[in-house]
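The structure under discussion appears below in the form of structure tokens.
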Amino acid sequence: MVKIAIDAMGGDFGPEPIVKGCVKALSKRHFTPILVGKKSEILPLLPKRYRDKILIVECDDVISMSDAATDAVKRKDSSIYCAVELVRNGEADGVVSAGHSGATMTLATLRLGRLKGVSRPALVTLMPTKLNRRSILLDVGANVDSKAVHLAEFAVMGGCYAEDVLDIKEPTIGLLANGEEPSKGNEVTKAAFKLLEGYPGFKGNVEGGDIFNGSCDVITCDGFIGNLVLKTSEGVASTISGLIKDYIKKSPIRITGALLMRKVFKLLKKEIDYAEVGGAPLIGIKGCAIVSHGKSNARAIENAIYQAISYVDTGVNEHIITRLEELKQKDL
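Okay, so the sequence shown: first residue is 637 according to the numbering used here, each after it adds one.
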């Protein structure tokens, strides 16, 4: 049975939403959860009927959002350090944390190590599209500066994730640029284009709109650009939702129309709600690490746990190693 270590102390709202999300996931899926943190705060939140099904590992220290990511390496009694160590020691298959994202990525990379053939891990996120399925965008924050070889590796890893975790057969892969022509982009993307040319599924350069129109399954870019795209998308979604609510309130007729459109609005909210995704896998490391947002509610934690289980079950890491070796042989 899959074992998932969960940083119970990470997140903006303390252990309550994390424990609730864990319990909810356990009610629907078979896995062994390991809550890591202060037992005195975790235990009172656990329903009695679940206490013999959930393991608790005591850790007193918590990495706060104001701490430097590198501090986590030294603070070995912190909840995120202990959670990652459980994976490193083979006591857990994956880790989920809504705590300090930099600390989680740093520890996962340094303590678990990179897969064979991976120069740098990448952070993956799933973006909504008009085709009612999600596209994969990576990297969205693990690497601010990337070389061409890194972008090529991100593309390969994203393709493997699409195939194994999202069950997309023969996923299309695009390189984010300021135009579709091979001549577009900066020097790094142009070099990455040459490395990926001829790789199965690679369709060339894609533009920002292709992230959301469903024309491409995997979009690769460096972490600086990816994070800007992610944060901008979240801001646009929030602004549009707010504008819709404001416009509706200004007229009784609009309110009536909104009541009739409740199902549509509910579906729209589900598509753009972060909680429905749950977290971002740090792909390219030995093991599995899901990085969730600090403001994650119980629903987000529940879905992050599902992501971790799927990641472990599919064996995507072995697939990545094989495909990266194939890419290397192609470019020799």
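Just so it is clear, CB atoms sit at the ideal spot from N, CA and C, and this is done for glycine as well.
Computed from a predicted model, the values in this text were never measured in an experiment.
Extent of the continuous beta strand (DSSP E) to which residue i belongs
i	result
Pro-917	916-919
Val-698	Val-698 -> no beta strand (DSSP E), and no H or E assigned at all.
Ala-925	925-927
Ser-771	770-774
Buried versus exposed, by CB contacts within 10 Å (16 or more), residue i
i	result
Lys-674	buried
Glu-870	exposed
Thr-740	buried
Phe-649	exposed
Asn-822	exposed
Asn-939	buried
Val-872	exposed
Asp-846	buried
His-604	The requested residue 604 is not part of the displayed model; the chain covers only 637 to 968.
Val-780	exposed
Asp-800	buried
Leu-960	buried
Simplified DSSP state of residue i, which is helix, strand or coil
i	result
Gly-837	coil
Pro-764	strand
Asp-882	helix
Asp-713	coil
Pro-807	coil
Thr-706	coil
Ile-690	coil
Val-785	helix
Pro-683	coil
Leu-802	coil
Val-747	In the sequence as displayed, the identity of residue 747 is Arg instead of Val. Reduced to three states, the DSSP call for Arg-747 is helix.
Ala-719	helix
Val-913	coil
Gly-673	strand
Val-854	strand
Ala-778	coil
Start-to-end residues for the alpha helix (DSSP H) that takes in residue i
i	result
Asp-643	Asp-643 -> not in any alpha helix (DSSP H); beta strand (DSSP E) instead, spanning 639-643.
Pro-651	651-664
Val-731	It is not in any alpha helix (DSSP H) - Val-731 instead sits in the beta strand (DSSP E) that spans 730-733.
Val-754	Counting along the chain, Val-754 falls outside any alpha helix (DSSP H), and DSSP gives it neither H nor E.
Lys-1018	Residue coverage of the chain in this structure runs from 637 to 968, which leaves residue 1018 outside it and unanswerable.
Phe-848	846-849
Ala-934	934-950
Backbone CA spacing between residue i and residue j [nearest angstrom]
i	j	result
Tyr-686	Val-659	7 Å
Cys-840	Gly-810	Here the sequence assigns Gly to residue 840, which means Cys is not the residue at that position. If you take the alpha carbons of Gly-840 and Gly-810, they lie about 5 Å apart.
Leu-743	Asn-814	34 Å
Leu-746	Met-645	21 Å
Val-638	Val-952	15 Å
Ala-825	Phe-848	Before going on, a small fix: residue 825 reads as Thr here, not Ala. The straight-line gap from Cα to Cα measures roughly 21 Å.
Lys-964	Pro-683	51 Å
Ile-699	Ser-887	48 Å
Gly-844	Gly-850	11 Å
Lys-922	Gly-749	6 Å
Ala-936	Glu-652	13 Å
Cys-924	Ser-819	37 Å
Gly-837	Pro-680	50 Å
Lys-689	Ala-705	32 Å
Glu-962	Lys-766	33 Å
Asp-703	Arg-711	11 Å
Leu-662	Lys-656	10 Å
Lys-885	Thr-868	26 Å
Proximity below 8 Å, CB of residue i to CB of residue j
i	j	result
Gly-616	Ile-772	Residue 616 is absent from the model: the chain starts at 637 and stops at 968.
Asn-831	Ala-788	The identity of residue 831 in the sequence shown is Leu, whereas the question assumes Asn. Yes; because the gap between Cβ atoms is below 8 Å, this pair is in contact.
Val-854	Pro-807	yes
Gly-914	Tyr-942	yes
Val-720	Val-731	yes
Gly-859	Ser-782	yes
Val-785	Leu-759	no
Tyr-835	Ile-919	no
Asp-643	Ser-733	yes
Leu-691	Ile-678	no
Asp-713	Asp-729	no
Cys-695	Val-723	no
Ile-926	Phe-667	no
Thr-856	Leu-812	yes
Met-763	Arg-769	no
Leu-802	Gly-862	no
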